[in-house]
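Below: one structure, written as structure tokens.
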Amino acid sequence: MDSVNVTMPCAFQTMPLKPFPKQTKHLDIFRFLSPQTRIAFTTRRCFRLVSCLETNTHAKILDGKATAQQIRNELKTKVDALYKLYAMRPGLAVVLVGSRKDSQTYVRNKHRFAKEVGLESFNHDLPESVTEARLLQVIDELNQDPRVHGILVQLPLPAHISTEKVLQRIDVSKDVDGFHAENVGRLCTLKGEPGFIPCTPQGCLELLDRYNIQIQGKHAVVLGRSNIVGIPAAMLLLRRNATVSICHSFTENLSEEVSKADILIAAIGKPEWISGHWLKPNSVVIDVGINAVKDVNTSRGYRLVGDVRWEEAYPRVRCITPVPGGIGPMTVAMLLKNTVKAFEQRTRGESLSK
Numbered sequence: 007m008d009s010v011n012v013t014m015p016c017a018f019q020t021m022p023l024k025p026f027p028k029q030t031k032h033l034d035i036f037r038f039l040s041p042q043t044r045i046a047f048t049t050r051r052c053f054r055l056v057s058c059l060e061t062n063t064h065a066k067i068l069d070g071k072a073t074a075q076q077i078r079n080e081l082k083t084k085v086d087a088l089y090k091l092y093a094m095r096p097g098l099a100v101v102l103v104g105s106r107k108d109s110q111t112y113v114r115n116k117h118r119f120a121k122e123v124g125l126e127s128f129n130h131d132l133p134e135s136v137t138e139a140r141l142l143q144v145i146d147e148l149n150q151d152p153r154v155h156g157i158l159v160q161l162p163l164p165a166h167i168s169t170e171k172v173l174q175r176i177d178v179s180k181d182v183d184g185f186h187a188e189n190v191g192r193l194c195t196l197k198g199e200p201g202f203i204p205c206t207p208q209g210c211l212e213l214l215d216r217y218n219i220q221i222q223g224k225h226a227v228v229l230g231r232s233n234i235v236g237i238p239a240a241m242l243l244l245r246r247n248a249t250v251s252i253c254h255s256f257t258e259n260l261s262e263e264v265s266k267a268d269i270l271i272a273a274i275g276k277p278e279w280i281s282g283h284w285l286k287p288n289s290v291v292i293d294v295g296i297n298a299v300k301d302v303n304t305s306r307g308y309r310l311v312g313d314v315r316w317e318e319a320y321p322r323v324r325c326i327t328p329v330p331g332g333i334g335p336m337t338v339a340m341l342l343k344n345t346v347k348a349f350e351q352r353t354r355g356e357s358l359s360k
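In the working numbering, the protein residues as written are 7 to 360.
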């Protein structure tokens with residue numbers, strides 16, 4: 007049987023595909039895809055992407071879920087090799103204060119994926135009433151624990167606790183979230199090797215790299231100026247020689263700024279705030295937003311959407327991340343990657359000191 011070659015996005019290249027017969031109709035292509043990929047397409051109403059598989063001219067989905075799995079597979083191989091060398095595994099400690107359902111879900115996912123790649127995972131659950139002094143004491147203990155190579159304090163913290171004081175208390179060599187002032191400063195100097203990079207912006211650029219999307223010389227627009235995403239994302243793009251604009255709540259003519267972006271990183275936390283009609287044709291969109299909106303047609307009573315209006319954006323752009331399944335999984339993958347990096351730095355330092 008004659009067949010045609012199909013160019014797949016990087017994250018899909020690990021999925022087994024049969025050759026497509028030349029006369030295959032668009033919807034028939036679904037039977038050549040894995041069940042997970044079919045679900046991803048149909049739940050996002052991405053039937054046009056099936057045509058993309060044949061013509062490679064329409065927008066492509068930047069699949070963070072599949073890419074994160076690929077990264078975890080790579081990390082597992084590395085962790086197994088490190089264990090053979092040092093008879094020890096990287097350790098990640100996660101501190102959770104209170105009982106917020108969303109925070110508990112995030113912590114469970116981090117614990118599950120840490121175990122998947124072979125990390126030791128230590129969870130420290132504290133009541134919402136815990137004092138700031140007690141929380142700082144827990145961090146001090148983790149700083150001294152030789153089994154722990156990375157420390158993450160799940161945010162947000164209760165109002166009576168200073169988030170800044172807590173984050174700065176973490177040993178900079180174990181600051182795998184990248185929020186310590188020293189790590190932030192090293193990133194912002196734009197010269198030399200950065201320390202630990204905040205996981206969400208690191209995941210954004212990792213996804214661009216895995217799909218071979220050029221950054222150098224491109225005009226990148228970052229929507230949002232938070233210390234968690236916006237500012238570090240802008241610094242990373244500058245390090246990669248992009249021309250960067252940062253937009254925020256006081257930016258005038260926002261639609262005009264967005265229309266100039268070759269690469270758009272949207273991190274404003276407002277559901278479907280960015281019109282797809284603002285976007286530059288053939289641009290690349292990284293939608294960091296994860297927003298819950300009411301939907302009586304779902305069993306949960308809500309659905310998750312990004313900061314960008316998907317239905318308007320998808321036909322217009324070259325590449326776009328879905329929500330969910332885009333940057334969320336990449337953030338956790340970068341946390342695991344940073345923890346392995348912390349382990350390597352610690353063991354290398356101990357070896358040199360002997």
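By construction, the Cβ of each residue, glycine as well, lies at the ideal position given by its N, Cα and C atoms.
As the structure is a computational prediction, the values presented were derived from the model and not from experiment.
Across the region 262-281 and the region 206-226, are there enough close Cβ pairs to call them in contact, namely three or more that are closer than 8 Å? They touch, by the three-pair rule.
Give me, in chain order, the residues of the same chain whose beta-carbon lies closer than 8 Å to that of residue 341; leave out the 5 immediate sequence neighbours on both sides. Walking along the sequence shown from the start, residue 341 turns up at place 335. Correct list, in chain order: 98, 116, 156, 158, 182, 183, 205.
Taking the straight line between their C-alpha atoms, what separation do you get for residue 71 and residue 338? In the sequence shown, the residue the question calls residue 71 occupies position 65. In the sequence shown, the residue the question calls residue 338 occupies position 332. Approximately 10 Å between the Cα atoms of the pair.
Measure the C-alpha to C-alpha separation of residue 92 and residue 86 and round it to an integer number of angstroms. By one-based count along the sequence shown, residue 92 stands at place 86. By one-based count along the sequence shown, residue 86 stands at place 80. Between residue 92 and residue 86, the C-alpha separation is close to 10 Å.
Give the range of the alpha helix (DSSP H) segment to which residue 113 is assigned. If you number the sequence shown from 1, residue 113 lands on position 107. It spans 107-123 - the alpha helix (DSSP H) in which residue 113 sits, taken as one unbroken run.
Return the first residue and the last residue of the alpha helix (DSSP H) that residue 89 is part of. As a position in the sequence shown, residue 89 is number 83, starting the count at 1. Unbroken alpha helix (DSSP H) run through residue 89: 70-92.
Segment limits, alpha helix (DSSP H) that includes residue 191: The sequence position of residue 191 within the sequence shown is 185, counting from 1. The continuous alpha helix (DSSP H) containing residue 191 extends over residues 187-194.
Cα-Cα separation between residue 320 and residue 284, rounded to whole angstroms: For the purposes of this step, residue 320 is taken as the residue at position 314 of the sequence shown. For the purposes of this step, residue 284 is taken as the residue at position 278 of the sequence shown. If you take the alpha carbons of residue 320 and residue 284, they lie about 12 Å apart.
Put residue 202 into one of helix, strand or coil per three-state DSSP. As a working note, residue 202 is residue 196 in the sequence shown. In the three-state scheme derived from DSSP, where H, G and I count as helix and E and B as strand, residue 202 is classed as coil.
Keeping to the same chain, check which residues put their C-beta closer than 7 Å to that of residue 136; ignore five residues upstream and five downstream. Counting from 1 along the sequence shown, the entry for residue 136 is found at position 130. Within the same chain, residue 136 has close Cβ partners 103.
Residue 129 lies in the alpha helix (DSSP H); which residues open and close that run? In the sequence shown, residue 129 corresponds to position 123, counting from 1. Per DSSP, residue 129 belongs to no alpha helix (DSSP H); it is in the beta strand (DSSP E), 126-132.
Would the region 316-331 count as touching the region 280-300 if we require 3 or more Cβ pairs under 8 Å? Taking 8 Å as the limit for Cβ pairs, the verdict is that the region 280-300 does touch the region 316-331.
Can you look up residue 229 in the DSSP assignment and give me helix, strand or coil? Reading the sequence shown from its first residue, position 223 is the one you call residue 229. Here residue 229 sits in strand by DSSP.
Exposure of residue 289, with buried meaning 16 or more beta-carbon neighbours within 10 Å: The residue you call residue 289 lines up with position 283 of the sequence shown. Residue 289 comes out buried.
Can you check whether the C-beta of residue 236 is within less than 8 Å of a C-beta belonging to chain C? Of the protein chains in this structure there is only one, and it is not chain C.
Whose CA, out of 230, 231, 239, 217, lies closest to the CA of residue 203? If you number the sequence shown from 1, residue 203 lands on position 197. Looking at the Cα atoms, 239 is the closest of the given residues.
At what residues does the alpha helix (DSSP H) containing residue 294 begin and finish? Taking the sequence shown and counting its residues from 1, one reaches residue 294 at position 288. Segment: none, residue 294 is in no alpha helix (DSSP H) and carries neither H nor E.
Measure the beta-carbon distance from residue 274 to residue 315 and round it to whole angstroms, keeping in mind my assumption that it falls under 8 Å. Your numbering for residue 274 matches position 268 in the sequence shown. Your numbering for residue 315 matches position 309 in the sequence shown. Wrong, their Cβ atoms sit about 13 Å apart, outside the cutoff.
Those residues which DSSP pairs with residue 97 across a bridge: Your numbering for residue 97 matches position 91 in the sequence shown. The beta-bridge partner set that DSSP reports for residue 97 consists of 126.
Rounded to whole angstroms, what's the CA-CA distance from residue 164 to residue 132? Just pull it up for me. Position 158 of the sequence shown holds residue 164. Position 126 of the sequence shown holds residue 132. As the crow flies, the alpha-carbon of residue 164 is around 11 Å from that of residue 132.
Can you tell me the Cβ-Cβ gap for residue 263 and residue 255, rounded? I've got them flagged as a contact below 8 Å. The residue labelled residue 263 in the question sits at position 257 within the sequence shown. The residue labelled residue 255 in the question sits at position 249 within the sequence shown. Contact doesn't hold; Cβ gap of about 13 Å is too wide.
Alpha-carbon to alpha-carbon, residue 96 and residue 351: Your numbering for residue 351 matches position 345 in the sequence shown. Your numbering for residue 96 matches position 90 in the sequence shown. The alpha-carbon atoms of residue 351 and residue 96 are separated by roughly 11 Å.
Simplified DSSP assignment, three categories, for residue 167: As a first step, residue 167 is located in the sequence shown; it is residue number 161 there, counting from the start. Per DSSP, reduced to three states, the secondary structure at residue 167 is coil, with no helix or strand assignment.
Going along the chain, which residues of its own chain have a beta-carbon closer than 7 Å to the beta-carbon of residue 180, five neighbours each way excluded? Counting from 1 along the sequence shown, the entry for residue 180 is found at position 174. Excluding positions up to five away in sequence, the list reads 149, 154, 155, 156, 157, 348.
For residue 153, name the three-state secondary structure that DSSP assigns. In the sequence shown, residue 153 corresponds to position 147, counting from 1. DSSP places residue 153 in coil when its eight states are reduced to three.
Can you tell me whether residue 198 is buried or exposed, with buried defined as 16 or more other CB within 10 angstroms of its CB? By 1-based counting over the sequence shown, the position of residue 198 is 192. Around the C-beta of residue 198, fewer than 16 other C-beta atoms lie within 10 Å, and the residue is accordingly described as exposed.
When the Cα atoms are used, what is the spatial distance from residue 125 to residue 90? Start at 1 with the first residue of the sequence shown, and residue 125 comes out as number 119. Start at 1 with the first residue of the sequence shown, and residue 90 comes out as number 84. Looking at the two C-alpha atoms, the distance is approximately 14 Å.
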